[in-house]
Every structure is written in structure tokens, then in C-alpha cells.
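Visitor:
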Amino acid sequence: MPETGNIVIQGGVKPWPHELRTAEALAAHDLTVTFLVRKEGEHQSSADVEIDGIEWEMKSPISNNLSNVQKTLRKAAHQSSCIIYDSQRVKNLTDQQIERELRKQAKAFRSIKHVIFVTKKRNLIDIK
Numbered sequence: 005m006p007e008t009g010n011i012v013i014q015g016g017v018k019p020w021p022h023e024l025r026t027a028e029a030l031a032a033h034d035l036t037v038t039f040l041v042r043k044e045g046e047h048q049s050s051a052d053v054e055i056d057g058i059e060w061e062m063k064s065p066i067s068n069n070l071s072n073v074q075k076t077l078r079k080a081a082h083q084s085s086c087i088i089y090d091s092q093r094v095k096n097l098t099d100q101q102i103e104r105e106l107r108k109q110a111k112a113f114r115s116i117k118h119v120i121f122v123t124k125k126r127n128l129i130d131i132k
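Under my numbering, think of the first position of the sequence shown as 5, with each following residue one higher.
#1: Going by beta carbon distance, what residues of the same chain come within less than 8 Å of Arg107, once the five residues before and after it are set aside?
#2: Can you tell me the Cβ-Cβ gap for Leu70 and Leu97, rounded? I've got them flagged as a contact below 8 Å.
#3: Which same chain residues end up closer than 8 Å to Arg78 when comparing Cβ atoms and leaving out the 5 residues on each side of it in sequence?
#4: Looking at the strands, I want to know which residues DSSP matches up with Trp60.
#5: Could you round the C-beta distance between Asp115 and Ala81 to whole angstroms and report it? I think they count as a contact, below 8 Å.
#6: What residue from Asp52, Gln74, Glu105 and Val73 has the CA that sits closest to Ile13's CA?
#7: Under DSSP, the alpha helix (DSSP H) around Val73 begins and ends at which residues?
#8: Please name the residue in Gln101, Asp90 and Asp99 whose C-alpha comes closest to that of Val119.
#9: Go ahead and pull the three-state DSSP assignment for Asp130.
#10: If you draw a straight line from the alpha carbon of Asn10 to that of Val17, how long is it in whole angstroms?
#11: Please name the residue, chosen from Asp56, Met62 and Arg126, that lies closest to Trp20 on a Cα-to-Cα basis.
#12: Indicate the three-state DSSP secondary structure (helix, strand or coil) for Asp99 in the structure shown.
#13: When burial is assigned at 16 or more other CB atoms within 10 Å of the CB, is Thr8 buried or exposed?
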């Protein structure tokens, strides 16, 4: 088993810098992250990455408001039932505050099957 996972970027895919930082945190925990080609067309939604055959939507919001967690999860749920929430760009909120709100909101959304929280220290927390 490798000590670290891998990041695979398919041809034509141009991930944002914050998406790459999230993928690096996941790869550091022995996961192989494959960036997916985005679906083209109006009103098309698609997940960002695939991990172990499951498509995941990655979110790394900038908002400093806890109420934004619900809004972010709702948007992500339209793209995938599995969500990775990264707090790297959130200022003025602690990881504990965000984790508590993620747990509360993840329970409220029946369409969400799995949530992984990537903390500011790049640890992974399985929320749901």
C-alpha cells in the first residue's frame, strides 16, 4: 500500500488552485483523487472528483458566516450526494464551529449520503 495517494487530472480538466489544495490533503491520507471532466451544457451539474469509484463534489467556501454552510451543502447536493467540505479559505470561524454546523446540516439533508470535512490543519473528519 502506498504511503500517499495520487492526484489524477484527466486531459482537458483545469482544476482551481483551491481544488488542488483539497486534493493534496486527500492524497496525503492515502486517497487517489481523479478530477472529472465537467459536463457541458445548460443546467448540467457534475461532481468534481472521483475517489474509490464514487463521485464527490468539493466545496471550499470563502464565507465567514455559519449560515452559509447550509447554503453550500444545498448547492453541492445538486451535484453529488457525496460532498467534501474544505475550510481552508474560511476566516473568522474555527474548525469546531464549522464541524458542529456541518453535522447539524448534514442530518437535515436526506439526499446527502456522505460528507468529509477537511480542516484547516488538513485533517479529514468523516461527518456523515
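The beta carbon of each residue, even a glycine, is placed where N, CA and C say it ideally should be. As the structure is a prediction and not an experimental result, all values here were calculated from the model.
Guide: In this structure, then:
#1: Excluding sequence neighbours, Arg107 sits near Ile131 and Lys132.
#2: Rounded, the Cβ-Cβ distance is 7 Å, consistent with contact.
#3: The residues are Phe113.
#4: Residue pairing for Trp60: DSSP places it in a beta bridge opposite Val53.
#5: Per the sequence shown, residue 115 should be read as Ser rather than Asp. So it is a contact: roughly 5 Å between Cβ atoms.
#6: The option with the nearest alpha carbon to Ile13 is Asp52.
#7: Where Val73 is concerned, the enclosing alpha helix (DSSP H) stretches over Ser71 to Ala81.
#8: Considering only alpha carbons, the answer is Asp90.
#9: The answer is strand: DSSP assigns Asp130 an E or B state.
#10: Here the alpha carbon of Asn10 sits roughly 16 Å from the alpha carbon of Val17.
#11: That would be Met62, whose Cα lies nearest to the Cα of Trp20.
#12: In the structure shown, Asp99 sits in a helix (DSSP, three-state: H, G or I).
#13: Counting the other Cβ atoms within 10 Å of the Cβ of Thr8 gives fewer than 16, which makes it exposed.
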